[in-house]
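Reviewing the structure listed below.
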Amino acid sequence: MVLLSVADLEVRFHTADATVHAVNGVSFELEEGETLGLVGESGCGKSVTSLAIMRLLPQPAGRITGGTVTFRDAILTELPEDEMRDLRGKEIAMVFQDPMTSLNPVLTVGEQLTETLMAHRQMTRQQARARAVALLEMVGIPRPATRLGAYPHQFSGGMRQRVMIAMALALEPKVLIADEPTTALDVTIQAQILDLVRNLTADFGTAVILITHDLGVVAGMTGRVNVMYAGFVVETGTTAELFAHPRHPYTVGLLRSIPRLDDTRHEDLVPIEGQPPDMTVAPRGCPFAPRCAWREERCVAENPALEPVVPGTPIVTTGPGATHRAACWYPATDEEARHGAPLRAAGGAA
Amino acid sequence: MSGPDGGAAGGGPGEAGNGVPIVEIEDLKTYFPIRTGILRRLAGYVRAVDGVSFEIRRGEVFGLVGESGCGKTTLGRTLLRLQRPTGGVARLEGRNVLEFRGRDLRKMRRRMQIIFQDPVGSLNPRMPVSDIIGEGLLAQADVENRWGERKVRDKRVGDYLEEVGLRRDYARRYPHEFSGGQRQRIGIARALALDPEFIFADEPVSALDVSIQSQILNLLLDLRDRHDLTYLFVAHNLSVIQYISDRVGVMYLGKLVELSPVAELYANPRHPYTIALLSAVPDPDPRVRKKRIVLTGDVPSPAAPPPGCRFHTRCWLREQLGDPEECATIDPPFREIGGGHRVACHFAERIREEVSTAAVIGVEEPPGVPGGADPISQAS
Ligand SMILES: Nc1ncnc2c1ncn2[C@@H]1O[C@H](COP(=O)(O)OP(=O)(O)OP(=O)(O)O)[C@@H](O)[C@H]1O
Ligand SMILES: Nc1ncnc2c1ncn2[C@@H]1O[C@H](COP(=O)(O)OP(=O)(O)OP(=O)(O)O)[C@@H](O)[C@H]1O
Ligand code: SF4
Ligand code: SF4
Ligand SMILES: [Mg+2]
Ligand SMILES: [Mg+2]
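For the protein sequence lines, the chains are A and B, in the order given. Going by this note's numbering, the first residue of the first sequence is number 5, and it counts up by one from there. Going by this note's numbering, the first residue of the second sequence is number 2, and it counts up by one from there.
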């Protein structure tokens, strides 16, 4: 069953001297129990997409200027604020990229956890306190009872992140958006946290949107991936398919720049060449064109739509049978993806 | 290095790791009081850093890894005098950092920079980026660098924004107008713009995608090569640590448990905690199903570290060896086992020579000691 549906979502920021085109027509769907990875260059619009779904865009600068977000039957983009507030946390929860923005610096960690639990779960203070201890224990905070009285700044970076995760998990939401939930965690605790998220999907059918730069985590956790660039979804498909056969030149570059532990060659890491896109100008052609080795004339004039990589394939948007789609006029072949550059003669289209 | 106080010529890029120490840490301890109840009574101490000794050589990248909450940030902050130590000393070029005063202190502050783990908390929300980076430059302006002149300063701000993959015109924006990874890079640009000699980089690339991450890592290495910069580099990403470090220290519960040149550590880890850590790295190939050593047992509290070896409550090696008594009673010394490889485990020699990362992270062979049970469980 489709839980969440995002259609043609468009977000703009109005700053003092420019309009930032942060999200430019993003569409995807999310099924119960499914984990969707969201990856892409820093600044490409992953967090803003999530904040728009939650209706938590910074005000007044941020605005949804187009598209809809639907959760079950509710059109979130049109919901009155008080109904949205009820949904938030209980039905759709988010782990924010930066823990300090959502933890209150003047309340102790214990106070924040118990308040949240009491507000959403009808618990007495005592029950909430016991549950808070259990939750902190679950996310690997040692001797949690003795640390409930600590303030967020007295926790380490990773401990703060785990407090946020504990809060989101506490409410057993239907949709969990986790924005870089494990960046501040060592690999062993990361594995433990990811297991908790897996249990949530298995036990409650929670659908998860996992934003992460760690492609190892994407590979291990997600069934499907959306690759974003400059506010667009430029490639989507099952994780296995997309990692094995990347078609969009940005995805090709991204996968090629992963440092690997078993990599003993010790060559220089290869970043994707060129400047990041200027999001203050409305995109005209393909947003990746200025940095793309596959670029042809057409790319500069026309922005390609997200289409099946095998033309004519019927489009399945969710689940393990999701159609592999890319937004590119001249997608890379497997051989080119391995090589990291187009193999056709310059100027000649594929 | 620019600046008249550049100090002794140290190990350049070629001989990174052979240079003279720029930083020496001796039995450093940093404790935090724990207060509870409404009266906020003192209930004990979090021993965040609890007797750490090592040195960082000029021109090297010293990687620091370890469990979340084990004291990495506190160690770095103590070194930079952002936190008072409870005991022990930290020296910069032979001088106790606590002794720096007045003009000397100001100079030291510029020479030693920090890239904060939490970019949001470290950027003034009411200042545009041009001032956030410019502020430090202005404070350190002199006739030579001419950072007092607006034009010189603005150009430098723009140059460094570009170096970290941001656009020059972002200088006008405020911190909240950036994405997480963009903010992190503002913190990097701010530290680098000051031309420091030593940088404590606390998870500097954790919020960056692999491509920009590569660009930043290459930039840091390039600056090291050109300016003989030295880094204390904290990261949870073990491939990043492997790529950038010359030597690596592994911390557990306030103490160093292993220290070694990077290649040796990854090929021949000798502390059971390090081995567990290496085994848990997720692989970016979705077809690979790795064997992961799951650390069982409760995470001990840094307020009451276990007696004997601090790792003994969760150690798989101890279990394999049939719970030898010394693990729970004698704190293993941090000893040299050859080739600059130090380890704090009574039984480091019992980990088979051939237990390499390849075996640990590889698909078949679990690490083992003769006659031991298999501590490895299949990661799902
Ligand atoms: N409040 C704001 N005002 C103006 N621009 C903004 C604001 N918030 C975000 N942006 C811009 O919108 C774009 C998308 O930001 P977003 O935070 O979604 O990126 P992201 O993909 O999450 O990146 P990261 O991986 O670095 O967190 C960025 O280019 C950013 O600079
Ligand atoms: N200001 C403080 N007051 C009280 N306790 C503190 C303070 N700062 C840190 N601590 C405690 O000291 C311990 C070590 O924290 P530190 O931030 O150094 O860990 P870390 O290794 O950097 O962890 P992470 O990888 O999660 O960032 C933690 O238990 C933390 O709660
Ligand atoms: S459409 Fe053209 S410029 Fe864009 S990614 Fe494809 S080949 Fe490159
Ligand atoms: S000393 Fe004992 S408990 Fe400690 S790491 Fe070695 S084997 Fe494990
Ligand atoms: Mg983000
Ligand atoms: Mg830290």
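Cβ coordinates follow ideal geometry from the N, Cα and C atoms, glycine included.
Asked, Found
"Where Met283 of chain A sits in the DSSP three-state scheme", "coil"
"Entirely enclosed alpha helix (DSSP H) segments - the stretch 291-357 of chain B, minimum 4 residues", "317-321, 326-330"
"Contact set between Ile35 of chain B and chain A, taken where Cβ atoms lie within less than 9 Å", "Thr150, Arg151, Gly153, Ala154, Gln158"
"Beta-carbon proximity of Ala188 of chain A to Ser302 of chain B, cut-off 8 Å", "no"
"Alpha carbon of Asp332 of chain B to alpha carbon of Lys256 of chain B, nearest angstrom", "11 Å"
"Chain-ordered residues of the stretch 177-211 of chain B with a beta carbon less than 7 Å from chain A", "His177, Glu178, Ser180, Gly181, Gly182, Gln183, Glu204, Ser207, Ala208, Leu209, Asp210, Val211"
"Pro334 of chain B Cβ short of 7 Å to ligand 4 heavy atom set", "no"
"Alpha-carbon to alpha-carbon, Lys50 of chain A and Arg315 of chain B", "38 Å"
"Near-chain B residues of the stretch 163-188 of chain A - C-beta to any C-beta below 7 Å", "Met163, Glu184, Thr187, Ala188"
"Members of the stretch 33-63 of chain A that neighbour chain B once the beta carbon cut-off is set at 9 Å", "Val43, Gly44, Glu45, Ser46, Gly47, Cys48, Gly49, Lys50, Ser51, Val52, Pro62"
"Nearest-angstrom beta carbon gap, Val235 of chain B and Glu204 of chain B [assumed within contact, 8 Å]", "6 Å"
"Close beta carbons around Ala9 of chain B, own chain, < 6 Å, minus the five adjacent residues each side", "Residue confidence is low: Ala9 of chain B scores 37 on pLDDT, short of 50, so the model does not pin down where it sits. Its coordinate-derived value is still stated next. Contacts found: Val21."
"Inter-residue Cα distance where the pair is Val15 of chain A and Ala65 of chain A", "10 Å"
"Sequence ranges, alpha helix (DSSP H) only - wholly within the stretch 79-146 of chain B, length at least 4", "103-112, 120-123, 130-140"
"Reference Asp219 of chain A; option with closest CA among A:Val43, A:Leu7, A:Val24, A:Leu13", "Sequence inspection shows Leu at residue 219 of chain A; the Asp mentioned does not correspond to that position. Cα-wise, what sits closest to Leu219 of chain A is A:Val43."
"Span of the alpha helix (DSSP H), counted from its first residue to its last, around Leu224 of chain B", "211-228"
"Contacts that Thr297 of chain B makes with chain A (C-beta to C-beta distance below 7 Å)", "In chain order: nothing, as chain A lies at least about 11 Å away."
"Ile193 of chain A beta carbon less than 8 Å from that of Ile169 of chain A", "no"
"Any non-hydrogen atom of ligand 4 within 7 Å of Pro273 of chain B CB", "yes"
"Of the listed residues A:Cys303, A:Val30, A:Thr128, A:Ala331, nearest to Val314 of chain A (C-alpha basis)", "A:Ala331"
"Chain B within 8 Å of Asp21 of chain A, Cβ atoms only", "yes"
"Assigned secondary structure, Met232 of chain A (DSSP; H/G/I helix, E/B strand, else coil)", "strand"
"Neighbour flag for Gln216 of chain B against chain A, beta carbons, 8 Å", "yes"
"Chain A within 8 Å of Ser302 of chain B, Cβ atoms only", "yes"
"For Met88 of chain A and Arg59 of chain A, believed in contact at Cβ under 8 Å, the rounded distance", "5 Å"
"Chain-order list of residues whose beta-carbon lies under 7 Å from that of Pro324 of chain A (same chain, five-residue window excluded)", "Gly227, Thr242"
"Spatial distance of Gly144 of chain A from Gly162 of chain A (CA atoms)", "10 Å"
"heavy atom of ligand 6 below 7 Å from Asp203 of chain B C-beta", "yes"
"Cα-Cα separation between Arg107 of chain B and Asn28 of chain A, rounded to whole angstroms", "47 Å"
"8 Å contact criterion, which Phe17 of chain A and Val179 of chain A should meet: CB distance rounded", "Not a contact, Cβ separation roughly 24 Å."
"Selection from B:Gly52, B:Gln243, B:Gly60 that minimises the alpha carbon distance to Thr87 of chain B", "B:Gly52"
"Three-state secondary structure (DSSP) of Met58 of chain A", "helix"
"Cα-Cα separation, Ser123 of chain B to Ala154 of chain A", "21 Å"
"Contact the stretch 23-41 of chain B vs the stretch 292-299 of chain B: 3+ CB pairs below 8 Å", "no"
"Check: Thr321 of chain A C-beta below 7 Å from any heavy atom of ligand 8", "No copy of ligand 8 occurs in the structure displayed; its ligands are ligand 1, ligand 2, ligand 3, ligand 4, ligand 5 and ligand 6 alone."
"Below-8 Å beta-carbon distance, Ser131 of chain B vs any chain A residue", "no"
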